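Residue numbers (our numbering), protein chains in the order written: chain A, 377 to 803; chain B, 377 to 803; chain C, 377 to 803; chain D, 377 to 803.
Beta carbons are placed, not taken as given, at the ideal position from N, Cα and C, and that holds for glycine.
None of these values were measured; they are calculated from a predicted model.
Protein chains: 4
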Amino acid sequence: MSTYPPISEQLDDLEAARTEGRRKMDWALQHMPILQELRQQFREEQPLAGATLGMAMHVEAKTANLVELLALGGAEVAITGCNPLSTHDDVSAALDANDDITSYAKRGVDDEAYYAAIEAVVAHEPTITVDDGMDMVYAIHEDYPELIDTIVGGAEETTTGVHRLRAMDEEGELKYPVFAVNDTPMKRLFDNVHGTGESSLATIAMTTNLSFAGKNVVVAGYGYCGQGVAKKAAGQNANVIVTEVEPRRALEAHMEGYDVMPMNEAAEVGDVFITTTGNRDVITREDFQAMKDGVLLANAGHFDIEIDLDGLSDLAVDEYEARDGVRAYEMDDGRRLNVIAEGRLVNLAAPVALGHPAEVMDQSFGIQAVCVRELLENGAEYDAGVHDVPDALDREVAEIKLDAEGVEIDSLTDTQAEYMDSWSHGT
Amino acid sequence: MSTYPPISEQLDDLEAARTEGRRKMDWALQHMPILQELRQQFREEQPLAGATLGMAMHVEAKTANLVELLALGGAEVAITGCNPLSTHDDVSAALDANDDITSYAKRGVDDEAYYAAIEAVVAHEPTITVDDGMDMVYAIHEDYPELIDTIVGGAEETTTGVHRLRAMDEEGELKYPVFAVNDTPMKRLFDNVHGTGESSLATIAMTTNLSFAGKNVVVAGYGYCGQGVAKKAAGQNANVIVTEVEPRRALEAHMEGYDVMPMNEAAEVGDVFITTTGNRDVITREDFQAMKDGVLLANAGHFDIEIDLDGLSDLAVDEYEARDGVRAYEMDDGRRLNVIAEGRLVNLAAPVALGHPAEVMDQSFGIQAVCVRELLENGAEYDAGVHDVPDALDREVAEIKLDAEGVEIDSLTDTQAEYMDSWSHGT
Amino acid sequence: MSTYPPISEQLDDLEAARTEGRRKMDWALQHMPILQELRQQFREEQPLAGATLGMAMHVEAKTANLVELLALGGAEVAITGCNPLSTHDDVSAALDANDDITSYAKRGVDDEAYYAAIEAVVAHEPTITVDDGMDMVYAIHEDYPELIDTIVGGAEETTTGVHRLRAMDEEGELKYPVFAVNDTPMKRLFDNVHGTGESSLATIAMTTNLSFAGKNVVVAGYGYCGQGVAKKAAGQNANVIVTEVEPRRALEAHMEGYDVMPMNEAAEVGDVFITTTGNRDVITREDFQAMKDGVLLANAGHFDIEIDLDGLSDLAVDEYEARDGVRAYEMDDGRRLNVIAEGRLVNLAAPVALGHPAEVMDQSFGIQAVCVRELLENGAEYDAGVHDVPDALDREVAEIKLDAEGVEIDSLTDTQAEYMDSWSHGT
Amino acid sequence: MSTYPPISEQLDDLEAARTEGRRKMDWALQHMPILQELRQQFREEQPLAGATLGMAMHVEAKTANLVELLALGGAEVAITGCNPLSTHDDVSAALDANDDITSYAKRGVDDEAYYAAIEAVVAHEPTITVDDGMDMVYAIHEDYPELIDTIVGGAEETTTGVHRLRAMDEEGELKYPVFAVNDTPMKRLFDNVHGTGESSLATIAMTTNLSFAGKNVVVAGYGYCGQGVAKKAAGQNANVIVTEVEPRRALEAHMEGYDVMPMNEAAEVGDVFITTTGNRDVITREDFQAMKDGVLLANAGHFDIEIDLDGLSDLAVDEYEARDGVRAYEMDDGRRLNVIAEGRLVNLAAPVALGHPAEVMDQSFGIQAVCVRELLENGAEYDAGVHDVPDALDREVAEIKLDAEGVEIDSLTDTQAEYMDSWSHGT
């Protein structure tokens, strides 16, 4: 049994932390209408009764409302962070105050503590895993395969996590069903496009006191996150430049009106560089050498390897904190390249970062919640492997959201439904 | 054997028509870089040698360049129109002048002639069908099932056609493989979004001499076509209102910043109504009764049943041509509702209409061409039914287009490719 | 007395022309709510009784509704065209059928007839001039100075006209007051930005069957017209490039997110070039030599000298009509440069052109009408020279428009009005 | 002589403050290319030698670079804050370390200290005033009229300040020349539109962790600031609603595609309300009573009276800090209305606020600097009263900026310049 202590045993002024954590959670919940509606349903129907959830997610106010919702639905929950810098200790403490929740997440822990916390969650012997980067799935498959038999399934939040799970699945190494929450239309369009786009740019603006109007903003990658960053940057009057490796995405960006070019050309003209690829070494030494004085470098993908920081550090003759959350690398010719939030996920890891907006996470977390419910109700129907979220669940959450926003829509008449199904109507 | 004559036997001043048709084709080809590139390849490699193609498409300058490309690639082609109002007789004549092409398409034919022309194409005993609305597939399955055995496959261009083919497929009624060209990323994003969006609005503007700035533009349906119309209308400073029946699409439109409401509410405030649903009775009597004086009604979906014109005619106390391409329906309270292009596909059927822009069709037709090539090279690998266009073909066309536009992109390094495939890298 | 005959004496089938002209006018009036409202006021109040108006404007359906409004208000009107290619003979005939209106405008007249028609208007001894390019003001000052004494004043519609009137005024050569209708906020923002922008692009699209998505659209000049063209082109997903000579306008375009560069650099990358400067030789030989095959060249400024067509013709080894409204100039290396509408104002002179949208002209013409009223009511208060339109008139027209669109706004409370006037309130 | 002490005598850890203040200034200067260029010029030419400047501005890193530039140019500078909450003590301390600068600005001072600091600045007997809200002008005219004789002139940064100065001027009460820096094209378009727009929205996003996509954002006032907020909010996919009292601005917003309605209607549907009017009582009790639960209220105008906070407080049954920088007012029916930054200028007064972006202020401050230079060089040419910034100065700054951004533009040829001046060219 793990001896790693929950957050409540690690903080000095626990009561103050819990009060502040609860205040943050309340604010977020006020702007999460889907979770509000599901709280009522889950409290009444107890759909998760008997389940034990093992979670590794960014422990902050919005996620905390998902965690609490799952507990309200009848589950026992153990949770830790999925990124050493994204945990809010006060929110972690507020969660841990709930009898049905144990939170091990603590900000700024070292590698050893990070993995000890994951181990502590696993020690609860979860029957369902909920991940934001597949840490929990990975730990169980690698180190605790004996748990797999009793696990009903899992849900994964991120692009990167799903990508890696699919690779694992293709190799036949994924041993229980996992819902690819990231791949739902709702998640990809709203969370990735609107959430990542808006929050990354606002975080960069508020970390640097700079603006985007008239700037050359280079967006590396034109997947959903990249599309969001590009769209929102253009909406701030930036001149957007896209780099890509996939010709169809490149063409899509070109047809949208953006400049498309290889990174080593973009490096010469860019003022701000934002990586969103989920890959590594997207901006490299050669690129750094071409850049202008004063450029900003930030990552809105997943891990801190999109920008080759080691290479940058090698090239630099001096490094210093130019500003909270901004590290300047000075080249031998005097140029200063400014890396935001250590190249980690900028909307989570910058000092002022708040993560995705509450309303956007509301949608993702609504899907997470109904996916967990689905695993308990119909888990046996799903084979080991990555599964798309069933359309009906995705649609259920969209309907809750539209209701909450007061948006009414049409419905098909019988004649129309019949027409859509037919194929024998002539011109 | 059909006795329906090709266009060359139906026109008076054939030479003049052929010259004018060729001039139109030349203009379009100048702006179709993908077809230009494929002409070189097909001429050299003769990938379609021995095939007989039966086509039913809008016979105008752009399509004609596809037809000629297919003939250049070695095929015998027989073609007719897929809409009585979309054929350009001069282009049809220019095609028919090619020894390897027989064109039966003629503008404004009645129903009898329309179906006789389809029959005439079928009489060529095509081994491959290329459709824009599944007319050819339908005729063969319904009336000439004996041809099915020798048919290698088909390709279908439109949203509506694919929708109906899938319904047919689900009922087990589709007897040969058909590529759903409409469903490729290239086709949906570029043709539906950019092509339908831009050309529908420009056609409406140039039919009415009206503008979109400050207008309430109601877009019925938020599929790819609807997204395009909405996006381009907003780009002309319209206030966009979306109606939908699918909650996730409705939510997507809402998150984009558009107003979303049921049609009967939109009817009260809309200045311009554009249907894009592919369904019927999208705007009905109840809606007409709520509309303001002077509204415009147009269809950018497929058939002329999206707007209930019979119902509108019943309600009207007077009807007259308010302007070329605009029929005014006057209500008993004096309100005038103006229907553009008889409710047919506005960017094809209006008097000034030119169809989709050349560059956009270049992409769709590039895919059509490589799909036909694929059927001949690997047709045996495809079962009867609807097939997605193989990724490699779609990507091939995107690469040709980027090359032609002078757009360079990055490629994955080995390290990056390996990283994307791996799943065991930690945080 | 001039012997140049009015249009009614120049047409063969006068009745058919008048019927068609009236149908065009009715359509436009349906979408000109400001003129509708002013018709009621002018008919009742007869504010223009006794005035004789000499007009030189584009004689088409929208202008015709202004002309008829002025006649309804009590004036005698004589009118001719201000551009040999912009007159609609049928509309001219419909106007001329009105007892209070004499129209000399005829499409396609030669220079001699053009100036004879102006002379014919002058022969009516106008007391007020209304111009679209200062032809009437110029003719009177140059050739009929004896009329100046009895002229109350004038109104000028265009950017170019006002520019030249101001130059004339600075030299002390302008001998009666002229309202710079072009310079009102209403005119510049709505007519120049929305009107020129939307109609120029739609005309180009419908003349060429091309699209703007992904194209490099070079806009020469970033005044109001240029801003409109740039904004609407970006709204169609073009990649906009701006050329300018004024650093503040250039900076404004840069901050908007557009690329800004000299024309000779833009020439190398542009796909479509649209001039809006009101100046000459904006695109020259050197630029033509750098351009890509297939580019489009159009003018949305005023005269046909923005693009150096003589220079282009010199460079060309062949010239031909590539398409109605498109003249191709073939260079010795095979490149084809395509000039739309002979370099004349594209939204007026192209074969499919309809001029500015009706709603946009409604606003400009509303101001014209109240300016003419103002000259009759208070003309004596204005010295010779160019005058801004009084704010109250501009605001009156805006209020009529908002009313017509059903848009309500707030009004200042007494406390607020007082606050805005005060200066002694502390922090 | 004033006895109010400079900031250096008010801080405990002065050295640490100065180091931190300098670090902030360095970061800003790195992104202020115009000030960088002017530093070189001013250092060499000493254009301000002999002048004493009295300034009341937001004392933070960007302004500090202007202050230091002015001192570099040869002036003695005394400065205090123009808003009790906008001063950064560390920056103030860094400035005060300069022998030629005395800074009295301190954050969070009470009214008494605030005015004592102004008095202390006045005691330096400034010969030029530089204001951000006319505090300095007002203090001198009201309390130290004896100084007026030796004052060369002033410069005013803000919309509100200029508005009040004009009112003062109209009453004949302004006794020395003041440049309306706010009214330059550069300032209004870039600072008001881009600066206020981007920074206000980013500040709200990062204060609330909310997003704008799909939200109804109500913008009160459609002047330059309002246009900026509306444009940037639409660029984040908000559904923008504008309220106005001036019909032409209202019509402009309507033609842009925004919804325009009275505030009491907007109150019912808005999710976020942002005031930009410069007036008072823009959102009142009646509006609060109509609002939805969870709305956000912020001010991007000038003073904290645009939202009637007293009225809101009266209506509330409870008030509490919902989040840092957010005060919740709970209504008796449970609705929570959330006011950001106490209704003060949100991009300056919120806890995370950083003021306008550095690049945007670079432009405004560049103009301030050359205006001060102009007053010393040619001050005698300006009468008492409000003066527009001479075009040549505005243009000079634009040219410096374009140079710094590497943007080249065209220049008029002699033929073109001559053409623009002529008026006798025919059609």
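Are three or more beta carbon pairs between the stretch 517-531 of chain D and the stretch 436-455 of chain D nearer than 8 Å? no
Distance cutoff 8 Å, beta carbons only. Does G590/D sit that close to anything in chain B? yes
Could you give the DSSP three-state label for S800/A: helix, strand or coil? Reliability of the predicted coordinates at S800/A is poor, the pLDDT of 46 falling under 50, and the value obtained from them is presented with this limitation in mind. Looking at S800/A - three-state DSSP - the assignment turns out to be coil, as it is neither helix nor strand.
For R483/B and chain C, any beta-carbon pair shorter than 8 Å? no
Does DSSP put E706/D in a helix, a strand or coil? strand
Only counting the same chain, and skipping five residues up and downstream in sequence, which positions put a Cβ closer than 7 Å to that of A338/B? Residue 338/B cannot be examined here, being either before or after the span of chain B that is shown, 377 to 803.
I'd like the list of long-range same chain contacts for V715/D, defined as Cβ closer than 6 Å, with 5 residues on each side in sequence excluded. L673 and R703
Assess contact between the stretch 553-563 of chain A and the stretch 562-570 of chain D, defined as three or more Cβ pairs (one per stretch) separated by less than 8 Å. Is contact present? no
What residues in the stretch 587-616 of chain B have a beta carbon less than 7 Å from any beta carbon of chain D? A589, G590, A610, N613, A614 and N615
Just to confirm, is the Cβ distance from M512/D to V467/D under 8 Å? no
Distance, Cα to Cα, D472/B vs F741/B? 19 Å
Cβ atoms of A489/B and T463/B: under 8 Å apart, would you say? no
How far does the alpha helix (DSSP H) with P382/C in it extend, from its first residue to its last? Where P382/C is concerned, there is no enclosing alpha helix (DSSP H), given that its DSSP letter is neither H nor E.
Chain B contact for Q744/C (CB, 8 Å cutoff): no
Quick test of the definition: if touching needs 3 or more C-beta pairs under 8 Å, does the stretch 723-731 of chain D touch the stretch 741-755 of chain D? no
Residues of its chain near E436/B, where Cβ-Cβ distance is below 6 Å and the 5 sequence neighbours each way are ignored: H464, V467 and G731
What are the residues that DSSP puts in a beta bridge with M431/C? I455/C and V506/C
If you reduce the DSSP assignment to three classes, tell me which class E784/B lands in. coil
Can you name, in chain order, every residue of its own chain whose Cβ lies under 7 Å from the Cβ of N640/D, other than the five neighbours on each side? E662, D663 and A666
Assign E620/B to one of three DSSP states: helix, strand, or coil. coil
Assuming G654/A contacts G677/A (C-beta within less than 8 Å), just tell me the rounded distance between them. 5 Å
Is it right to say P423/B is buried, meaning 16 or more other beta carbons lie within 10 angstroms of its own, or is it exposed? buried
M528/C versus T503/C, V762/C, M544/C and K438/C, residue with shortest Cα-Cα distance: Residue 528/C is actually Val in this sequence, not Met. It is T503/C.
Could you please give the first and the last residue of the uninterrupted alpha helix (DSSP H) stretch that includes I410/A? P409 to E421
What's the gap between the Cα of H801/D and the Cα of V453/C? For H801/D, the predicted structure reports a pLDDT of 46, less than 50, and the residue's modelled location is therefore unreliable. A value from the coordinates is still provided. If I take the Cα positions, the gap works out to 26 Å.
Contact belief for N723/D with S576/D at Cβ below 8 Å, rounded distance in angstroms: 5 Å
Give me, in chain order, the residues of the same chain whose beta-carbon lies closer than 7 Å to that of N613/A; leave out the 5 immediate sequence neighbours on both sides. F588, A589 and G590
Chain D partners of R703/A, CB-CB under 8 Å? Ordered by position in chain D, no residue passes the 8 Å Cβ test against R703/A, which lies about 12 Å from the chain.
For D519/C, which of E495/C, T428/C, T505/C and R625/C has the nearest alpha-carbon? E495/C
Could you please tell me which residues of the stretch 546-575 of chain D, in chain order, have their CB closer than 9 Å to any CB of chain A? F566, V569, H570, G571, G573, E574 and S575
Taking beta-carbon pairs under 9 Å, can you tell me which members of the stretch 450-464 of chain B lie near chain A? C458, N459 and P460
Report all residues from its chain with a CB closer than 6 Å to the CB of T619/B; omit the five preceding and five following residues, and keep chain order. A596, M639 and A642
Given a limit of 8 Å on CB to CB distance, which residues of the stretch 393-414 of chain B reach chain C? R399, K400, D402, W403, A404, Q406 and H407
Can you tell which of T583/D, N441/D and I743/D has the C-alpha that lies nearest to the C-alpha of I477/D? N441/D
Alpha-carbon to alpha-carbon, R394/A and D388/A: 11 Å
Alpha carbon to alpha carbon, what distance is there between L414/C and A626/D? 21 Å
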